[in-house]
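Chemist:
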Amino acid sequence: AEIPYALGYLDLRNPWIRGSLSTESHVRGTLNPLQLGIELKGSVSDFSVLSGGYQSESQSLLHLKDVLLEGFVDISHSEVALSSVKLTRGSSVFEVDGALALNTRQGIDLRVQSLQANLAEIAPIAGMPFQGRGTLAATLEGPYSDIVISATAQLQGLSIADYAIGQTQATL
Numbered sequence: 208a209e210i211p212y213a214l215g216y217l218d219l220r221n222p223w224i225r226g227s228l229s230t231e232s233h234v235r236g237t238l239n240p241l242q243l244g245i246e247l248k249g250s251v252s253d254f255s256v257l258s259g260g261y262q263s264e265s266q267s268l269l270h271l272k273d274v275l276l277e278g279f280v281d282i283s284h285s286e287v288a289l290s291s292v293k294l295t296r297g298s299s300v301f302e303v304d305g306a307l308a309l310n311t312r313q314g315i316d317l318r319v320q321s322l323q324a325n326l327a328e329i330a331p332i333a334g335m336p337f338q339g340r341g342t343l344a345a346t347l348e349g350p351y352s353d354i355v356i357s358a359t360a361q362l363q364g365l366s367i368a369d370y371a372i373g374q375t376q377a378t379l
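Below is the structure:
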């Protein structure tokens, strides 16, 4: 299923992501009232995080060809909650927890962490090539109109656009 098309059923129009989802899912719950629990195991292909809605002339900030996906998603009339959702690309494994409000005036509260990130497997980011391995943690929170991203990283062999930085520890 195309992700923007599926999100349209949840009344999220013109999302800032694009991609195709192929999964074996175990779904339990009700449609009226909307309360679904979904166990996912599958993949996402051609996943992109965009600088604007997928129907506009947006630039890709992050593009991943193939990502393995496994975890739990709960959908209600007010939010999509992610619990221990693992995203795997090559040797990199990211775990995502949190919620995305379905009311566009509300927002997002996501936590992402990786104990084994290889930036070369997820680059380019915002058009820049990255390299380096290590741990990453990030939060994305706030209303959709003003999302705040906070992150910490501890990386070895970091380079950005062929500029070698080496070992680094940073908080953004």
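Here the sequence shown is numbered in my numbering, starting from 208 and rising by one per residue. Idealized CB from N, CA, C, for every residue including glycine. Quantities reported herein were computed from a predicted structural model and do not represent experimental measurements.
1. How long is the line joining the alpha carbons of L322 and K248, rounded to whole angstroms?
2. For the segment 328-339 against the segment 356-368, are there 3 or more C-beta pairs whose distance is under 8 Å?
3. Report yes if the C-beta distance between P240 and H284 is below 8 Å; otherwise report no.
4. Measure how close the beta-carbons of S252 and S227 come, nearest whole angstrom, since I'm counting them as under 8 Å.
5. Going straight from the alpha carbon of P211 to that of L309, what length do you get?
6. In whole angstroms, what separates the C-alpha of Q363 from that of T378?
7. Let me confirm a value: S229 is counted as buried when at least 16 other C-beta atoms fall within 10 Å, else exposed. Which label applies?
8. Roughly how many angstroms separate the alpha carbons of K272 and V319, rounded to a whole number?
9. Using only the alpha-carbon positions, how far apart do L307 and L317 sit?
Modeler: Quick answer:
1. Walking along the sequence shown from the start, residue 322 turns up at place 115. Walking along the sequence shown from the start, residue 248 turns up at place 41. For L322 and K248, the distance between alpha carbons rounds to 21 Å.
2. yes
3. Taking the first residue of the sequence shown as position 1, residue 240 is located at position 33. Taking the first residue of the sequence shown as position 1, residue 284 is located at position 77. Going by C-beta atoms, P240 is nearer than 8 Å to H284.
4. The residue you call residue 252 lines up with position 45 of the sequence shown. The residue you call residue 227 lines up with position 20 of the sequence shown. Correct: roughly 5 Å between the Cβ atoms.
5. For the purposes of this step, residue 211 is taken as residue 4 along the sequence shown, with counting starting at 1. For the purposes of this step, residue 309 is taken as residue 102 along the sequence shown, with counting starting at 1. With a pLDDT of 49 at P211, under the threshold of 50, the predicted position of this residue should be treated as unreliable, though the coordinate-derived value follows. Distance between the alpha carbons of P211 and L309 is about 14 Å.
6. In the sequence shown, counting from the first residue as 1, residue 363 sits at position 156. In the sequence shown, counting from the first residue as 1, residue 378 sits at position 171. Approximately 15 Å between the Cα atoms of the pair.
7. Counting from one through the sequence shown, the residue named residue 229 turns up at place 22. It counts as exposed.
8. Position 65 of the sequence shown holds residue 272. Position 112 of the sequence shown holds residue 319. Taking the straight line joining both Cα atoms gives about 19 Å.
9. Reading the sequence shown from its first residue, position 100 is the one you call residue 307. Reading the sequence shown from its first residue, position 110 is the one you call residue 317. Whole-angstrom Cα-Cα distance: 8 Å.
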